[in-house]
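From first to last, the protein sequence lines are chains S and L.
Residues in the first sequence are numbered consecutively from 1, following my numbering.
Residues in the second sequence are numbered consecutively from 229, following my numbering.
The beta carbon of each residue, even a glycine, is placed where N, CA and C say it ideally should be.
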Amino acid sequence: MVEIDAVVKVYGDAGGYRALDGVSFTVPEGQFAAIMGPSGCGKSTLLNVLGLMDQPTSGSYKLDATAVQGLSDAERTHLRRDKLGFVFQSFNLLPRMTALQNVCLPMGYAGLSRKDRLERAHGLLARVGLKGKELRTPLELSGGERQRVGIARSLANRPRLLLADEPTGNLDSKTSVEIMALFRELHAEGMTLLLVTHDPGIAAQADRILRVKDGRIVADERPAAQPA
Amino acid sequence: MNVGESVRTGFVEIWSHKTRSFLSFSSIAFGVAAILYTFANVNGMYIRRTKAFDIAGPGRLEIEKRESGGFSALVGLSKGLTTGDAEAMRAAMPWLYMLSPTLRASADLRDGDFRDRVQLEGVTLDWAKRGWVFTKRGRFFNSHDLANAARVCIVLEQGGWAGKKPFWARFWRDDNFAGHARRADMLGRTIQLDDGLYTVIGVLKNPPRDKDPRWFFRSGGLLILPLTTVQRYLARRGATDSLDGVDNIIVDTGSVETIPRARRRIEALLSGRHRGVADYEIKDFREMVQNMLENMRKYAVAVLAVGVVAVLAGGVGIMNVTLATIFSRIREIGVRRALGGTRADILVQFLTEAALLGVLGGIAGIGLGLSGIRYLSDDGAETVAALLWWHFPATLAISAGTALLFALYPAYQASRLDPVEALRYE
């Protein structure tokens, strides 16, 4: 699903800050991988590259067997829209829209009809346990509920890969457990998941842990609890 | 993302920033109101011109007296414009529909206790052909009165209002004599003008002012007398003025086609009679109306300029608001880009919001303009402020277009934002 090879990301000119310094790994379809590392180690940059939000300075990246180098901004955006789902630490819901409208947003960009969008959004919100709360705005939802909306929204265009950036970072431990249970359910249904965290308890629930330090992968572990 | 979706989002944004949105579209609204007002005025001008031509008759010329340099008058080279000129013209061109000489004067009027200084006009029987739209009581004077310089006069009464008296007219006082003529029935009375006594043989009532298109070029005379009477008893003459002098002669040739022919004949005739002294001026009535309209057009252009400036100011306002909106929504732009919104999607979204503001401003401006036109226009008459159906879509297009134009730059900036930076923005 994800194949990156010798990816380098340099900020500024050639002698600038090397946020990624030759990262290579492969994530097969259906795997639940966690990326761990201290802050400033380059995991956000890695996630941005993987999410097609940022382009590597060098190295190759294949997403679902499509090489992304040389694609135009619009082509990368379309790929992102159709194959990727984002879950954010701070949820990033649009505050003036209802949960339903937030979930509909990516489908609008994909050009689905209004009827299809509403139908699918209702289904997704029911799937994440928010039936009956579709017309609330983010302000009227709890943190856990907001992240559920975020997850529903990330699934809107039936992505092949979910990218989650500290999805439980702003949640209390009880809610974190519920959200992680949701991710595990998605994984069990066959979704490929890439989750960035610095919480070992969260990372331990993944099939695989990639440890990043100073822009490099320093360890590739398989937790004993859940063998691959 | 389709445009319908953008419009829906746009409304949500506009509604959640009511004050900001209101401020930005209000200046657009003022501009649109001014532009609409100009449209109304310009169109009204054309309607009035058409009516003025209809009433004046198609073949109208005016020969007006002009002060010549003192020398030629002193040596008696020319007597100035006279009744003799008018008679000669009539003799040379019997086919003229109307040939109406006028002499203006003023006099001290006494009618019982009422005293006033009044403007009066001496005219001939042809005066009746100058678009007679009066209601007559009594009689008009006849050729006998004219031949004998009879001491008779006719009162012109103001028309009043057919409909509701317009707002501004409440602050408009009739002059004294007009008020007296309306209150006191002067028909059949004997009045004093300067030191002579005159009988009021007729009263001519003007049509209601709001139904009278002639208000546009109405002259001031309130008392009509036989020309000969004014010449003999009431005119104030300088040492060089002839006894049968007139101020002007209005000619109606009957049709537009005959104007050049009549004009040539008159020029030749008068040039001979006046021995080449240019103490008169021949004016084509259409030129006069044209000149009047030219002045009004300048006024309309000024209002239009104000309107355009206001709309442009509104555009800058919209630019400002769009920029502010984008700054406060950088993170949202990042989220939208992450969720699959392309640069074009972002561009379309902000342009749609700006265009919506423009259209709302335009609608508000049309409302403002319509109520303004009712009160601002010179007269309550429908001919003053005439709007055509296409003025409305045109003003809406102007406001929406301006908004779009001014939102182009900020929206482009928004679409070029780096999604990673935008998402990180706090």
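Nearest CB-CB separation between L/Gly568 and chain S: below the 7 Å threshold. Contact between the stretch 21-35 of chain S and the stretch 77-91 of chain S is absent: fewer than three C-beta pairs spanning the two stretches fall below 8 Å.
Burial is judged here by how many other beta carbons sit within 10 angstroms of a residue's own beta carbon; L/Trp323 has fewer than 16 and is exposed. DSSP places S/Lys43 within a helical segment (H, G or I) once states are collapsed to three.
Secondary structure remark: continuous alpha helix (DSSP H) runs of at least 4 residues inside the stretch 493-579 of chain L, in chain order: 513-556 and 558-566. Secondary structure note for S/Lys9: its beta strand (DSSP E) is the uninterrupted segment Val2 to Tyr11. The beta carbon of S/Ser90 sits closer than 7 Å to those of Asn170, all from its chain and outside the five residues before and after it, given in chain order. Cβ contact annotation for L/Leu645 (same chain, cutoff 7 Å, sequence separation greater than five): Ile558 and Ile561, in chain order. Within chain L, no residue has its CB atom less than 8 Å from the CB of S/Tyr11, the nearest being about 11 Å off.
For L/Cys381, the beta-bridge partners assigned by DSSP are L/Val428. Spatial neighbours of L/Tyr265 in its own chain (CB-CB distance under 7 Å, excluding positions within 5 residues in sequence) are listed in chain order as Val531, Gly597, Gly600, Ile601 and Leu604.
Closer than 7 Å to the CB of L/Pro647 there is at least one CB belonging to chain S.
Per the Cβ contact rule, the stretch 623-643 of chain L is in contact with the stretch 581-588 of chain L (3 or more Cβ pairs under 8 Å). Proximity to L/Ile263 across L/Gly595, L/Gln641, L/Ala639 and L/Pro647 peaks at L/Gly595, based on C-alpha coordinates. Asn48, Gly51, Met53 and Asp54: these are the residues of the stretch 30-55 of chain S whose beta carbon lies less than 8 Å from some beta carbon of chain L, given in chain order. The C-alpha of S/Gly150 lies about 14 Å from the C-alpha of S/Ser176.
Taking C-beta atoms as the reference points, S/Leu84 and S/Leu161 count as a pair closer than 7 Å. With respect to L/Val517, L/Leu331 sits apart: the two C-beta atoms are not nearer than 7 Å. Counting only runs of 4+ residues, the alpha helix (DSSP H) found wholly inside the stretch 77-126 of chain S occupies 99-110, in chain order. Using a Cβ-Cβ cut-off of 9 Å, S/Asp116 is close to nothing in chain L; its nearest Cβ partner there is about 13 Å away.
In chain order, Leu289 and Ile510 place their CB closer than 7 Å to the CB of L/Arg491, counting only its own chain and leaving out the 5 sequence neighbours on each side.
Below the 9 Å Cβ cutoff, chain S contributes no neighbours of L/Ser556, its closest Cβ being approximately 11 Å away. Taken through DSSP and simplified to helix, strand or coil, L/Asp475 comes out as coil. Cβ-Cβ distances below 6 Å link L/Ile487 to Gly287 and Thr481 in the same chain, with the five nearest sequence neighbours on each side left out; the list follows chain order. Measuring C-alpha to C-alpha distances from S/Leu94 to each of S/Arg120, S/Leu139 and S/Glu119 identifies S/Leu139 as the nearest. L/Asp336 places its beta carbon less than 7 Å from that of L/Asp422.
The DSSP-derived three-state label of S/Gly132 is coil. The beta strand (DSSP E) runs of length 3 or more contained entirely in the stretch 296-370 of chain L are, from start to end of the chain, 326-339, 342-351 and 363-366. Look at S/Pro167: its C-beta is not under 7 Å from any C-beta on chain L.
At a beta-carbon threshold of 9 Å, the residues of chain S lying near L/Arg571 are Asp73, Ala74 and Thr77, ordered along the chain.
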